[in-house]
Amino acid sequence: MKKDKPRSNDALDSVKSVSMQTLDKELSRHVEIARRNPVPIDRYGVPWVWIVSHPLWMEVDYLKSFVPEDHPLVALKEVIDSILAYEGVLMNEISLQCRSGMDARMITRAWLLQIAYSLADPKGVCEGLRYNMLWRWFVGYMLRSEPLPELHAFAHDINIASAHPRVIDIVHRCLTSDALLSTDTEEFKINRGLLHALMAHRDDMPTLPSASPRERATRERDERTLNG
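Here it is as structure tokens:
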């Protein structure tokens, strides 16, 4: 039975491809061309790879290019990042328990998304990260091409972070900050019932080593700054 050739993209049909043999002979010339326009490379008559310039690749791959400056998640990320800046010891301790390849800062932001959008479980966040480039940027990825976590490990890490009373406090402070209240909150569907329940029971939860006096002082100063 005759195999069908892979279907080509009509938008790319007008771009002349280069064979591997030609590329071997004229690499410098085609790299120079690629600085201006992408160059498709064929192997055995089938599209194989593209040569693209660094600026173009970064434009396509850089997640910040997907972020509208006035989106509410931009303000929320500024709030969470300003708090996490003073939680280095805590984040490092939690990161040691993470299995997904994401550090605790990324996991904390991911759990914040789950609460802010009232998602039932970590699976909803993990699935959203597959297609929502704004969420990827918010969590802490820089490039669209970076690998995403496996669901089971991701859920494990979310459960570890969300069970820690100080992480609960961080998320609560983010979602009740004056900076967030001044933005378009129609974007979010905050699960305040769950958040209040967690806050009520956080003192009964096991915790990692407590913050040093210096960390507590800087955290309190940061909270006063966030709340005006």
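Under our numbering, residues 24 to 251 are what the sequence shown spells out, in order.
Every residue gets a Cβ at the ideal spot worked out from N, C-alpha and C, and that includes glycine.
This one's a predicted model, so the numbers in the text were calculated from it and none came from an experiment.
_Just to confirm, is the Cβ distance from Ile117 to Ala127 under 8 Å?_
yes
_Within a Cβ cutoff of 7 Å, which residues of the same chain sit near Lys26, ignoring the five residues on either side of it in sequence?_
With a pLDDT of 43 at Lys26, under the threshold of 50, the predicted position of this residue should be treated as unreliable, though the coordinate-derived value follows. Same-chain partners within the cutoff: there are none.
*Tell me, to the nearest whole angstrom, how far the beta carbon of Pro172 is from that of Gly124; I am working on the premise that it is less than 8 Å.*
6 Å
_CB-CB length for Ile106 against Asp180, believed under 8 Å_ = Actually they are not in contact, since the Cβ atoms of Ile106 and Asp180 sit about 19 Å apart, beyond 8 Å.
*Curious, which full-length alpha helix (DSSP H) runs of at least 4 residues does the stretch 169-199 contain?*
174-185 and 188-198
*Taking just the CA atoms, how far does Ile56 sit from Leu221?*
58 Å
*asked:* Here's a check: name, in chain order, each residue in its chain whose Cβ is nearer than 7 Å to the Cβ of Val90, leaving out the five neighbours to either side.
replied: Val97, Leu157 and Trp160
_Counterpart residues of Arg66 in DSSP-defined beta bridges_ = Val69
*Check Ile138 in the structure and name its three-state DSSP category.*
helix
*Hey, Ile74 and Ser40: beta-carbon distance below 8 Å or not?*
no
*Would you identify the three-state DSSP class for Leu119, choosing helix, strand or coil?*
coil
*In chain order, what residues of the same chain lie with their CB nearer than 6 Å to the CB of Gly68, ignoring the 5 residues before and after it?*
none
_Alpha-carbon spacing of Lys146 relative to Gln44, whole angstroms_ = 46 Å
*Anyone know if the C-beta pair for Ser76 and Arg58 falls short of 8 Å?*
yes
*So, using beta-carbon positions, are Ile138 and Ile213 closer together than 8 Å?*
yes
*asked:* Helix, strand or coil for Ile130? Go by DSSP, reduced to three states.
replied: Correct three-state label for Ile130: helix.
*Assuming Val162 contacts Ala133 under a Cβ cut-off of 8 Å, what Cβ separation, rounded to an integer in Å, is found between them?*
5 Å
*For the candidate residues Ile191, Leu174, Pro70 and Asp47, whose alpha-carbon lies nearest to that of Ala223?*
Ile191
_Let me check understanding here. Comparing Cα to Cα, which of Met165, Ala176, Tyr140 and Lys87 lies closest to Leu218?_
Tyr140
*So who's on the other strand from Leu50, going by DSSP bridges?*
The partner list for Leu50 (beta bridge, DSSP) is empty, contrary to what the question assumes.
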